[in-house]
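**Q** In terms of numbering that gives the first Met the number 0, the numbers along the sequence shown are unbroken and rise by one, the last being 322.
Yeah, the Cβ is synthetic: ideal placement off N, Cα and C, and Gly gets one too.
One structure is given below, represented as C-alpha cells, and several questions about it will come after.
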Amino acid sequence: MLHQASRIAASDGRSPLALALASEGLSVEQRPASSAADLLGLAADDDLVWLAADDGDDELIRQVATQVVQRAERGEAGTEVEVVVGAFDPAGSRLLDLVEVMDRLRRECPWDREQTHASLVRYLVEETYETVEAIETGDRDHLREELGDLLLQVMFHARLAQEHDDEPFDIDDVAAGIVEKMIRRHPHVFAADRAAEQPPEGPSAGSVQTAWEDIKATEKARASRMDGIAPGLPALSLAGTVVHRASRAAGPTGEAGPTGPAPTDAPAYTEQALGDALFALVAAGQAAGLDAERALRLRVRQEIAHVRGQEQRATQRAPLEPG
C-alpha cells in the first residue's frame, strides 16, 4: 500500500513512523493543520496515505467519515477510505519468541529435558487453578501472569509432541486444529449462507450453545449425551456438566432429565445462599465421617447410568422407519 500510494502525508514529519518510512526511501509530506476537507481534496486525484498521529487522530478520522457519508448522500463522487492499523509487530508475534524459548529450554535445560507429558500434568492442573484464582480475585496483573504460565504448559506439551516417533505434531498443528474447530462449530459466524437461516435479531447465546453441542456430538459420533465427559473433573464440576447434559437428554418418552427434585421444587438460591448450603453439606458430611467429594461422585455416576438407560429406552420405543 505504501509503495503504491501516490502521496504519503502526516501532521508530523518527524514522528517515528514518518522517519522510518523516510529511511526506506519513501517521501512523507508534512501537513500539520490538515482538515478532513484537505485530505479528501488530496485524495480526489491521488491515492493518499495519511499517517495518523500518536493519539490516532480520532477526531480527524470521524470528520473524514462524516464528510464521505454526506458526499455520498448528495450523490457526489465517492472517495474510498480504508483505515489500516500499522504496527512494528503483528498481533501474536511474541508467541514466536515463546516457541524459540521453549525449543532452547528443551535442548539446554536438564530439568526441561527430563519432562514428559505425564510428569507435567500436575503443573498443568496447578496453573489452571491459579488462573481461576486470578480471575476470581480480579487482579489483572496476576491474571496476565497466570495466563502466561498456562500458555507455557500448552507450548511445553506441544514441544514434547514434536519428538514423538510415530505420531508427532507441533504447536502449528495445535493452532490449526483449534482454528478449524472454531470455524466448523460457529456456522452462524463463518458459514456462507448463515444469514438465510438466522432470525433477524441473530442467534441467541442459548441456541449457539445447543448448536455447538449438537455439532460436537455429530463430530464425535457419540450415541449418548453422557459420552465424552471427563471423569477426572472435580466432583462439583462433573456434576454440573452431567446435570446440564441430562437436562437436554429427555426423549419422546417424556422422562425428565436429571433425577431428583424438579426445578420448580428447588429453593430460589442466590449465589451466596447456594455457597452456604454447599458448605454446610460438606461440614455435615465431614461430621458424619463422609467424604463429600466421593459422595457426589457416586451420585453423579448414578445420574449417568440413569440418563444412558433413558436414552436406550427412547431408542427401543422409537418407531421403525418403513423399509
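1) Go to I7, then tell me how far its beta strand (DSSP E) extends in each direction, as first and last residue.
2) Which residues in the same chain have their Cβ closer than 8 Å to the Cβ of P167, if we skip the five residues on either side of it in sequence?
3) Thinking C-beta only, is L1 closer than 8 Å to I7?
4) Give the DSSP-derived three-state secondary structure of L20 in the structure shown.
5) CB-CB under 7 Å to G74, same chain, minus the five flanking residues each way: which ones, in chain order?
6) So A211 and R184 are supposed to be a Cβ contact under 8 Å. How far apart are they, rounded?
7) Across the region 282-299 and the region 229-243, are there enough close Cβ pairs to call them in contact, namely three or more that are closer than 8 Å?
8) Between the alpha carbons of E113 and L151, how many angstroms are there, rounded?
9) Would L142 and I134 be called neighbours here (beta carbons separated by less than 8 Å)?
10) Looking at C-beta atoms only, is the number of pairs between the region 90-99 and the region 66-73 that lie closer than 8 Å three or more?
11) If you follow the alpha helix (DSSP H) that L50 is in, where does it begin and where does it stop?
12) Below 8 Å on the Cβ atoms is my contact criterion, and I expect E132 with D148 to pass it. Report the Cβ-Cβ distance as a whole number of Å.
13) In whole angstroms, give me the CA-to-CA distance for T240 and S92.
14) Between S22 and A52, which are expected to be in contact by the criterion C-beta below 8 Å, what is the C-beta distance as a whole number of angstroms?
15) Could you spell out the range, first to last residue, of the alpha helix (DSSP H) harbouring D44?
16) Check the C-beta distance from R105 over to R158 and give it rounded, since I have them as a contact under 8 Å.
17) Shortest alpha-carbon distance to D172 belongs to which of M154, S5, I60?
18) Put E99 into one of helix, strand or coil per three-state DSSP.
19) Go ahead and pull the three-state DSSP assignment for E28.
20) With 16 other CB atoms within 10 Å as the buried threshold, where does M181 fall?
21) Please report the straight-line C-alpha distance between D45 and S5, rounded to a whole angstrom.
22) Taking a contact to mean a Cβ-Cβ separation below 8 Å, would you say R307 touches S203 in this structure?
23) Span of the alpha helix (DSSP H) holding Q315?
24) Does A310 pass the burial test, meaning 16 or more other C-beta atoms within 10 Å, or should it be called exposed?
25) Skipping 5 residues on each side, what residues in its chain have a beta carbon closer than 8 Å to that of L25?
26) CB-CB under 7 Å to L146, same chain, minus the five flanking residues each way: which ones, in chain order?
27) Classify I170: buried if its beta carbon has 16 or more other beta carbons within 10 angstroms, exposed otherwise.
28) Hey, L59 and A35: beta-carbon distance below 8 Å or not?
**A** To lay it out plainly:
1) Here residue 7 corresponds to residue number 8 of the sequence shown, with the count starting at 1. First-last of the beta strand (DSSP E) with I7: 6-9.
2) For the purposes of this step, residue 167 is taken as the residue at position 168 of the sequence shown. Here the set comprises A160, Q161.
3) Within the sequence shown, the letter at position 8 stands for residue 7. Within the sequence shown, the letter at position 2 stands for residue 1. Taking 8 Å as the Cβ cut-off, I7 and L1 qualify as a contacting pair.
4) The count along the sequence shown starts at 1 and reaches residue 20 at position 21. Helix, per DSSP.
5) Start at 1 with the first residue of the sequence shown, and residue 74 comes out as number 75. Counting only Cβ-Cβ distances below 7 Å, and skipping sequence neighbours, we find nothing.
6) If you number the sequence shown from 1, residue 211 lands on position 212. If you number the sequence shown from 1, residue 184 lands on position 185. Note that residue 211 is Trp in the sequence shown here, rather than Ala. Contact between W211 and R184 is confirmed by a C-beta separation of about 5 Å, below the 8 Å threshold.
7) When Cβ pairs closer than 8 Å are counted between the two stretches, the region 282-299 is seen to touch the region 229-243, the count reaching three or more.
8) One-based indexing of the sequence shown puts residue 113 at position 114. One-based indexing of the sequence shown puts residue 151 at position 152. Cα-Cα distance, rounded: 16 Å.
9) Taking the first residue of the sequence shown as 1, we reach residue 142 at position 143. Taking the first residue of the sequence shown as 1, we reach residue 134 at position 135. Against a cut-off of 8 Å, the Cβ pair of I134 and L142 comes out as a contact.
10) Output reads no: the region 66-73 does not touch the region 90-99.
11) Walking along the sequence shown from the start, residue 50 turns up at place 51. For L50, no alpha helix (DSSP H) encloses it; the enclosing beta strand (DSSP E) starts and ends at 47-50.
12) Walking along the sequence shown from the start, residue 132 turns up at place 133. Walking along the sequence shown from the start, residue 148 turns up at place 149. Not really, about 12 Å apart at Cβ, beyond 8 Å.
13) As a working mapping, residue 240 is identified with position 241 in the sequence shown. As a working mapping, residue 92 is identified with position 93 in the sequence shown. Roughly 36 Å between the two C-alpha positions.
14) Locating residue 22 in the sequence shown gives position 23, counting from the first residue. Locating residue 52 in the sequence shown gives position 53, counting from the first residue. The pair is not a contact, with the Cβ atoms about 19 Å apart (cut-off 8 Å).
15) Residue mapping note: residue 44 aligns to position 45 of the sequence shown, counting from 1. Where D44 is concerned, the enclosing alpha helix (DSSP H) stretches over 35-44.
16) Here the question's residue 105 lines up with position 106 in the sequence shown. Here the question's residue 158 lines up with position 159 in the sequence shown. Contact between R105 and R158 is confirmed by a C-beta separation of about 5 Å, below the 8 Å threshold.
17) Looking up residue 172 in the sequence shown gives position 173. It is M154.
18) Position 100 of the sequence shown, counted from the start, is the residue given in the question as residue 99. The three-state secondary structure of E99, taken from DSSP, is helix.
19) Numbered from 1 along the sequence shown, position 29 holds the residue referred to as residue 28. In the structure shown, E28 sits in a strand (DSSP, three-state: E or B).
20) Residue mapping note: residue 181 aligns to position 182 of the sequence shown, counting from 1. When all chains shown are included, M181 counts as exposed.
21) As a position in the sequence shown, residue 45 is number 46, starting the count at 1. As a position in the sequence shown, residue 5 is number 6, starting the count at 1. Whole-angstrom Cα-Cα distance: 6 Å.
22) Within the sequence shown, numbered from 1, the residue matching residue 307 stands at position 308. Within the sequence shown, numbered from 1, the residue matching residue 203 stands at position 204. R307 is not a Cβ neighbour of S203, given a cutoff of 8 Å.
23) Along the sequence shown, read from residue 1 onward, the residue named residue 315 stands at position 316. Per DSSP, Q315 belongs to the alpha helix (DSSP H) from 291-316.
24) The sequence position of residue 310 within the sequence shown is 311, counting from 1. Here residue 310 is Glu; the residue named in the question, Ala, does not match the sequence. Within a 10 Å sphere around the beta-carbon of E310 sit 16 or more other beta-carbons, which makes this residue buried.
25) Stepping through the sequence shown from its first residue, residue 25 is reached at position 26. Correct list, in chain order: L1, H2, I7.
26) On the sequence shown, residue 146 is found 147 positions in, with the first residue counted as 1. Excluding residues up to 5 positions away in sequence, T130 lie with their Cβ nearer than 7 Å to the Cβ of L146 in the same chain.
27) Along the sequence shown, one-based indexing puts residue 170 at 171. Under this definition I170 is a buried residue.
28) Residue 59 sits at position 60 when you count from the first residue of the sequence shown. Residue 35 sits at position 36 when you count from the first residue of the sequence shown. Cβ atoms of L59 and A35: closer than 8 Å.
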